Amino acid sequence: MSPTLKNILRISFLISLLLWLCATDVYSDESQLLSCGSSSYSGLKQQPPRRVLLIPLLSKEPLTTASPRWSEQPARTLAAFYRNRFNADVKQLHDIWSWLDYYQQVEQIMQQQTAFDRVIFISHGGFDGPILTNAVYWHDLQISGNKGKLLQFSEAQPGLKNVLSITYDTEKNPIFSAYMASHWPELAPMKPPEVRHLLKGLEKQLQPLDTACFQRYCSEDSLSTSHGELREARLNLCELTCREPLFEQKTSVEISHKQFFHFTDTLSSLTATDGLIFFGACNPGSEAPEKTLERTETEFLINSPIAGGPHQSYVHLVSATTGRITAGPIGNSSAEDIVNRVILFESGRPQRNLCIVTPATK
Numbered sequence: 004m005s006p007t008l009k010n011i012l013r014i015s016f017l018i019s020l021l022l023w024l025c026a027t028d029v030y031s032d033e034s035q036l037l038s039c040g041s042s043s044y045s046g047l048k049q050q051p052p053r054r055v056l057l058i059p060l061l062s063k064e065p066l067t068t069a070s071p072r073w074s075e076q077p078a079r080t081l082a083a084f085y086r087n088r089f090n091a092d093v094k095q096l097h098d099i100w101s102w103l104d105y106y107q108q109v110e111q112i113m114q115q116q117t118a119f120d121r122v123i124f125i126s127h128g129g130f131d132g133p134i135l136t137n138a139v140y141w142h143d144l145q146i147s148g149n150k151g152k153l154l155q156f157s158e159a160q161p162g163l164k165n166v167l168s169i170t171y172d173t174e175k176n177p178i179f180s181a182y183m184a185s186h187w188p189e190l191a192p193m194k195p196p197e198v199r200h201l202l203k204g205l206e207k208q209l210q211p212l213d214t215a216c217f218q219r220y221c222s223e224d225s226l227s228t229s230h231g232e233l234r235e236a237r238l239n240l241c242e243l244t245c246r247e248p249l250f251e252q253k254t255s256v257e258i259s260h261k262q263f264f265h266f267t268d269t270l271s272s273l274t275a276t277d278g279l280i281f282f283g284a285c286n287p288g289s290e291a292p293e294k295t296l297e298r299t300e301t302e303f304l305i306n307s308p309i310a311g312g313p314h315q316s317y318v319h320l321v322s323a324t325t326g327r328i329t330a331g332p333i334g335n336s337s338a339e340d341i342v343n344r345v346i347l348f349e350s351g352r353p354q355r356n357l358c359i360v361t362p363a364t365k
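Its first residue numbered 4, the sequence shown is counted upward by one per residue in this note's numbering.
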């Protein structure tokens, strides 16, 4: 038997096994089909999918051993399922590491192909949708008089804008100002803590300590009762206190209507009017959690007024914005869960923890 035929048989067997295993994880009462309170399967009037777009998003999770390409395996399984079950034309995006990668590829697709019956994301996710590496999509150095300001906008989830700002006096230290003028584009791939560490190291080289201040707070006599990590922490504090800073760095998170609607516009263009958008990730179907906001925080997208919100969940928000049926799991999901839920949905079987929302659902 050829390797190709073996792979086809193995995938077909896996799909059959998943259908059998997941049949025990359903509600017998069809009225309990959707815990988010949206329409039933019978009300969706879905036609068999003929064109399917799979979008596995690639990202390396810190402190884990998971492959950054983990989402490609469930994408391959679903591609085989749609081809075998519906004889569907399946297209898959590749090497999506940032939202810039996503936009570049989907813009080409929208120019060349008609809309898809299914648009399926497979990724890490949260209450505000799919998550990718936080990548800078805009940055600029602005000089006004003797004030310099570096601004960087980045996003891990479409519509949540992470803002990094670095301000400094251009006349305070000519070497530091010259460094910022020539090296600021190199800071874009770095995380905010890495940027701060780099610039603080440069500041340490260029800006002398106030020796009187340092002796007052960190003389040998004052440090005699401190040992180990406590001594190191006190020395670091004295370094910060007794060296006049050359810059100020701030970070914040804001809701970006422009970025959010840019994303949902692509979904509307990619998905047929009677098609389905599926977010295979953790929590897109979960209700918005109650959250005590800190002064530096903004609301979740689903709790914000965007697109007529607040909304019950992320799939409610996307459905209302795109005018398309939208679905996503409630709670945590594994790669296997994502495959199971899509196959059960396409088989017309009720299941737990899947939220399906029609555009009319609020």
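Glycine included, each C-beta is placed from N, C-alpha and C at the ideal position.
Keep in mind the model is a prediction, meaning the values are calculated, not measured.
Taking the C-alpha atoms as reference points, what is the distance between K94 and K175? 56 angstroms
Fully enclosed by the region 156-184, which beta strand (DSSP E) runs are 3 residues long or longer? 163-172
Identify every run of the beta strand (DSSP E) within the region 235-278, keeping only runs that are complete inside it and at least 3 residues long; order them along the chain. 251-258
From P59 to Y220, what does the alpha carbon distance come to, in whole angstroms? 54 angstroms
If you draw a straight line from the C-alpha of T170 to the C-alpha of S185, how long is it? 15 angstroms
Neighbourhood of H319 by C-beta, 6 angstroms cutoff - its chain only, sequence neighbours within 5 removed: V360
Per-residue burial, S350 [other beta carbons within 10 Å of its own, 16 or more giving buried]: exposed
From the DSSP secondary-structure annotation, give me the bridge partner or partners of K63. K63 pairs with nothing; no bridge assigned.
Going straight from the alpha carbon of S316 to that of F130, what length do you get? 7 angstroms
Please check the pair P313 and A330, which I expect to be a contact at CB under 8 angstroms, by giving their CB distance rounded to whole angstroms. Rounded, the Cβ-Cβ distance is 20 angstroms, inconsistent with contact.
For my contact list, K152 and S259 are in at a C-beta cut-off of 8 angstroms; report their separation, rounded to the angstrom. Not a contact, Cβ separation roughly 19 angstroms.
Have a look at G326, Q354 and R327 and flag the residue whose alpha-carbon is nearest the alpha-carbon of I333. Q354
What does a CB cutoff of less than 8 angstroms around R199 pick up in its chain, not counting 5 residues either side in sequence? Q252
Let's see if you can read the secondary structure: which residues bound the beta strand (DSSP E) around R355? Segment: none, R355 is in no beta strand (DSSP E) and carries neither H nor E.
Compute the Euclidean distance between the alpha carbons of Q116 and S271, then round it to the nearest angstrom. 14 angstroms
Can you name, in chain order, every residue of its own chain whose Cβ lies under 7 angstroms from the Cβ of W141, other than the five neighbours on each side? F156
Rounded straight-line distance, which links the Cα of Q50 to that of N306: 33 angstroms
Simplified DSSP state of I309, which is helix, strand or coil: helix
Just the Cα atoms here: how many angstroms apart are D370 and I146? Coverage of the chain is limited to positions 4 through 365, which leaves residue 370 absent and any answer about it impossible.
What is the DSSP secondary structure of L209, counted as helix, strand or coil? helix
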